[in-house]
Amino acid sequence: MKLAFLASGRGSNLKALLSACRSGQVKAEPALVISDRPQAGALQVAADADVPHLLINSHDFQSRSEHERAIARELDKHGIDLVILAGYQRLLSPFLVGFLYEPRLGQSRILNIHPADTRRYQGLNGYAWALKEGLNETAVTVHFVDEGMDTGKIVAQAPLPMYADDTLESLQERGLALEHQLFPQATQKVIEELEQLCAAF
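Quick note: to get the numbering used here, add 364 to the position in the sequence shown (first position is 1).
Following this line, the structure appears as structure tokens:
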């Protein structure tokens, strides 16, 4: 099973996932990391882990469609089975979601992590939203990617308690630690599901 990661930022979830691959918690080959931003720390995370990595800069293309077609070509070339959005800051178009659609799964072969319960909040800044709402508890969610924003089928979810003295920084710190646990677990769950589907055909 070959994994590709799309990343735009510093790569903290990417680092956790690559570590899980090395330890055997995630039983798959990290075959490719693609970033859309030249300054993304994720590229260095990939280099440090000796994982093939590419910059496909969104600013080098006339349209989102052209950019995603370039990504799709690389995914196809590397024989990628599952794509993981590890801090990827671009909403995927129906083209790329469709390119990775798996009929036997009834889902795209794309996973994302979201710092909230996706049934309650979609979009950016999930931890800030939870603070603003004054919640006692929020969540971290791993979900399949569909054509909406954070609207895909939930794969795994974990509660994140909130405290009266929480700041955005303290909540994000605990949230990231939880993300780094949940994302590898959910990824392995989907890998096993895909392998069972392949074995059945």
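Every residue gets a Cβ at the ideal spot worked out from N, C-alpha and C, and that includes glycine.
Under the three-state DSSP convention, the category residue i falls into
| i | result |
| --- | --- |
| Y465 | strand |
| Q426 | coil |
| H417 | strand |
| H442 | coil |
| A436 | helix |
| N377 | helix |
| Q471 | strand |
| A450 | coil |
| S383 | helix |
| P394 | strand |
| L455 | coil |
| A410 | helix |
| A404 | coil |
Outcome for residue i when other beta-carbon atoms lying within 10 angstroms are tallied against a minimum of 16
| i | result |
| --- | --- |
| G388 | exposed |
| E543 | buried |
| Y527 | exposed |
| A503 | buried |
| H478 | buried |
| N476 | buried |
| D400 | buried |
| G498 | exposed |
| G375 | buried |
| H417 | buried |
| Q471 | buried |
C-beta contact flag for residue i and residue j at 7 Å
| i | j | result |
| --- | --- | --- |
| S457 | E432 | yes |
| F547 | N377 | yes |
| L326 | R473 | For the chain, the structure presents residues 365 to 565; residue 326 sits outside this window and is missing. |
| A522 | I444 | no |
| A392 | M365 | yes |
| A492 | L532 | yes |
| Q486 | D514 | yes |
| P402 | L381 | no |
Alpha carbon of residue i to alpha carbon of residue j, nearest angstrom
| i | j | result |
| --- | --- | --- |
| A411 | D440 | 21 Å |
| G451 | A550 | 16 Å |
| L488 | A371 | 15 Å |
| A563 | N421 | 37 Å |
| G512 | P394 | 26 Å |
| V554 | V447 | 11 Å |
| A520 | L449 | 15 Å |
| H442 | Q560 | 22 Å |
| G490 | D481 | 9 Å |
| R484 | D414 | 38 Å |
| L540 | K379 | 12 Å |
| E557 | D510 | 18 Å |
| L469 | Q552 | 15 Å |
What are the uninterrupted segments assigned as beta strand (DSSP E) that are 3 or more residues long and contained completely in the region 466-548, given in chain order? Counting only runs of 3 or more residues that sit fully inside the region 466-548, the beta strand (DSSP E) segments are 474-478, 501-508, 518-525, in chain order.
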